[in-house]
Amino acid sequence: MRARKKLGEILVEGGLLTQKQLEEALPFQKKSSLKLGQFLVREGIVSESQIVDLVSNQLRLERYRPDKYTIDVDLANLLPADIAHKYQAAPLQKSGLLLTIAMMDPLDINGLDAIEVYTNCEVEAIICTEQHLNQLLNSLYGTYAGIGGVLEDMEEMEIDESAEKAAAATEDVEVSSLQGMAEEAPVVRLVNSILSQGVREGASDIHVSPEKESVQVRFRVDGRLHEVPAPPKSMFLPIISRLKILANMDIAVSRIPQDGRFTVKMKNKDINIRASTIPSIYGENMVLRLLDTSNSIYSLERLGMNETDRQKLERMIAKPYGMILSTGPTGSGKSTSLYSILKKINQPDINIITVEDPVEYRIEKIRQVQLNRKAGMTFASGLRSILRQ
């Protein structure tokens, strides 16, 4: 009989969370589609090592150590890659009918039961960190298994000569040819797979970059870029064209920078994606900025400021007039900081209007204005109108 204890209960009993913190976190966690432990770590409420240590001690579970287990690639045939990724589990060793697996969440009863059914083995779970799990999955199934299957299908797809030439070109090509390539089913599937995998891994950005004879695809996770398996160079232009179509860019132009945006729905979540291109010597470099609008807005206390700076900022935003400039490079937290400030001052006795491009998070009881330059709605006209509100 498996233990039915939930992670939230263990964290409260172990003193890592209060009952109030747990109750406040659960609604946001359910919206995020992340598991509770992943959500709490991402929000900075607890650290992953704290969770692993506590669960290991409370349930007397072994903690995964790389020096103890030798990776057996034959076990990849026992547990399919899609099941391993779905339940975040990696097979470590098999002794008779006993299969030992590493899991980030060994309390996942449904996952354990499903793995027993698929493998026809009795399953024993040990706990591991997300980093160790990803290393195990990469070793067993290859990095980025989600794209891998699509790439295998692509090897069988014939690419005509015009596509081969277009992939190596940096100059404009016929629109009809680009549209045709971009609408091929394998190209659509590959682009969808790249986007969905990026969302699952919590990437803030996806970089698609051309090299002389190859393509580089990278995800930015926790501020650092890491490579994932990429398609052949011959598929580069169809992929870029597909993304440009989604972002409402001019697919026939590749010699000047372009910007666009689109929204995708994944697991009932709206993911806003901002796309930008810039020409390089081997083709257009594209960066996609991913924004999950279901994520909760950080409080000022969670921004990581020291106490002195936070108190100074709170005094500044309490003033009836003035200006605050939030500056820094892409991905440095400018928008996050501004939304945290809005969250702090959002009170019924204050009328708050924003002018944004784009509106990244929707906040109740705040009037948020989206720019529309084609319709004449610019920052300047928006600010003038706000003065009359």
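When you read off a place in the sequence shown, starting at 1, and then add 227, the result is the number in the numbering used here.
Glycine included, each C-beta is placed from N, C-alpha and C at the ideal position.
For residue i, count neighbouring Cβ atoms within 10 angstroms of its own Cβ and tell me buried if that reaches 16, exposed if not.
i      : result
Tyr171 : Any property of residue 171 remains undetermined from this structure, which presents the chain solely from 228 to 616.
Pro465 : buried
Asn332 : First, the residue type needs correcting, since residue 332 is Asp and not Asn in the sequence shown. Flag for Asp332 reads buried.
Ser559 : exposed
Asp335 : buried
Pro484 : exposed
Val435 : buried
Phe463 : buried
Thr557 : exposed
Thr297 : exposed
Met330 : buried
Gly450 : exposed
Thr346 : buried
Asp380 : Confidence at Asp380 is low in this model, with a pLDDT of 42, below 50, so the placement of that residue should be treated as unreliable; the coordinate-derived value is given next. By the neighbour-count rule (16 or more Cβ atoms within 10 Å), Asp380 is not buried but exposed.
Can you grab the Cα-Cα spacing for the pair residue i / residue j, in whole Å?
i      : j      : result
Ile386 : Gln277 : Model confidence at Ile386 stands at a pLDDT of 35, short of 50, so the residue's coordinates are unreliable; what they give is reported in the following sentence. The straight-line gap from Cα to Cα measures roughly 51 Å.
Leu618 : Thr554 : With the chain covering 228 to 616 only, the question about residue 618 has no answer from this structure.
Ile467 : Glu511 : 8 Å
Ala252 : Val239 : 13 Å
Val442 : Met513 : 11 Å
Leu552 : Ile568 : 12 Å
Asn573 : Tyr566 : 10 Å
Ser503 : Leu422 : 15 Å
Ile328 : Ser322 : 12 Å
Gly609 : Phe489 : 23 Å
Ile593 : Thr581 : 8 Å
Lys612 : Gly603 : Going by the sequence as given, residue 612 is Ser instead of Lys. Each residue's Cα considered, the two are about 12 Å apart.
Ile310 : Gly235 : 25 Å
Arg447 : Tyr548 : 37 Å
Val444 : Arg427 : 16 Å
Asp576 : Gln265 : 36 Å
Arg600 : Gln538 : 38 Å
Tyr525 : Lys258 : 15 Å
Leu267 : Arg482 : 44 Å
The beta strand (DSSP E) with residue i in it runs from where to where?
i      : result
Gln320 : 316 to 322
Ser436 : 432 to 437
Ile580 : 580 to 583
Arg594 : 594 to 597
Gln618 : The structure shown does not extend to residue 618, since the chain is modelled only from 228 to 616, so the question has no answer here.
Mind checking which residues open and close the alpha helix (DSSP H) that includes residue i?
i      : result
Leu470 : 463 to 473
Ala341 : 336 to 346
Val273 : Neither: Val273 is in no alpha helix (DSSP H) and is coded neither H nor E.
Thr327 : Segment 325 to 330 is the beta strand (DSSP E) holding Thr327; no alpha helix (DSSP H) there.
Leu614 : Leu614 -> no alpha helix (DSSP H), and no H or E assigned at all.
Ile224 : This structure gives no information on residue 224, because the portion of the chain shown stretches from 228 to 616.
Val268 : 263 to 269
Glu240 : 234 to 240
Glu357 : 357 to 368
Leu565 : 561 to 572
| said: Please give me, in chain order, every unbroken run of the alpha helix (DSSP H) with length at least 4 that falls completely inside the segment 283 to 310. | reply: none
| If we count Cβ pairs, one from each stretch, closer than 8 Å, do we get three or more for the segment 574 to 592 versus the segment 516 to 530? | yes
| query | Does the segment 467 to 485 come close enough to the segment 445 to 457 to have 3 or more Cβ pairs within less than 8 Å? | reply | no
| request: Flag this pair as touching only if the segment 345 to 359 and the segment 286 to 301 have three or more C-beta atom pairs under 8 Å; answer yes or no. | output: yes
| request: May I have a chain-ordered list of the beta strand (DSSP E) segments no shorter than 3 residues that lie completely inside the segment 492 to 542? | output: 496 to 507, 510 to 519
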